[in-house]
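Structure, as structure tokens:
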Amino acid sequence: MATRMRLLDVPLTDMSTDYLEDLDEDEMRDQAHVAWGSYGWQSFRASFSPKPPIRYPPNFPIPGDKFDIFATSEAFEPAHRAPDYMGQTFTALSKFWTIAQEILVVYNMEDGAPLVDRVIPSFVEAKYQKLLAWGDALPASLSNSKNSAAHVDLLHALYHTTILNLFRPFLDPPKIIRLCSFSSTDSTSRTVFSASVKQLESLV
């Protein structure tokens, strides 16, 4: 239904851009929240059960993102500010799910070949680097600590679960991946997997 409503899985074209530009501010804000909320929920489900991946994220600006395409040049504030009670979690999760979907579109592909045979190491490492960059960019309010709110713990649990799923096919010799973009000789798929397991254990 979300696709039929042009909320997600719609390629960015001149026609889709014109549609967005014709919306007034209230329509843009409402549809953006629905689009990214639906995208997040469907991405969450696809992370834990075989679901068709979403090829295109919503073309709407992410609510609360100061770098959305409709931001005015006169201020650096978000053009469509999220309500205060939402904090920054919705914005961060929306960005996270775009990376998760890039992984799911390959890992959930309907193909008889085992993942370890059709997913190349450079793809895995590139997506891991994107996940790390996302984590490094999280605001202080979403950092993981003993005093974190429950929704922050859930955010980090999803993050580390996605890392586990990314590296799971590459845990046993001879399929262990050496991460070439890291200087440490111990930077392998197995050590990254173990580190995320420990992080998850600390969250529960």
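One rule links them: number in our numbering = place in the sequence shown (from 1) + 18.
Note that CB positions come from ideal geometry on N, CA and C, so glycine has one too.
Model, not experiment: these values are computed from the prediction.
- Beta-bridge pairing by DSSP links Thr206 to Arg196.
- Bounds of any alpha helix (DSSP H) do not take in Asp83, whose DSSP letter is neither H nor E.
- If you check the CB distance, Val124 and Phe188 do not come in under 8 Å.
- The residues Pro139, Val142, Glu143, Phe185, Phe188, Thr206, Ser207, in chain order, have a CB closer than 8 Å to that of Ile195 in the same chain once the five nearest residues on each side in sequence are set aside.
- Taking a C-beta distance under 8 Å as the contact criterion, Leu25 and Ser56 qualify as a contact pair.
- In the DSSP assignment, Tyr146 falls within the unbroken alpha helix (DSSP H) covering 139-154.
- If you look at Ile117, you'll find it in the alpha helix (DSSP H) that goes 107-125.
- Between the alpha carbons of Asp190 and Tyr74 lies a gap of roughly 33 Å.
- Taking 8 Å as the cut-off, the beta carbon of Leu173 is found closer than this to the beta carbon of Leu160.
- Its chain contains Pro76, Phe78, Pro79, Ile80, Pro81, His98 as the residues whose beta carbon lies nearer than 8 Å to that of Ala50, once the 5 sequence neighbours on both sides are disregarded; these appear in chain order.
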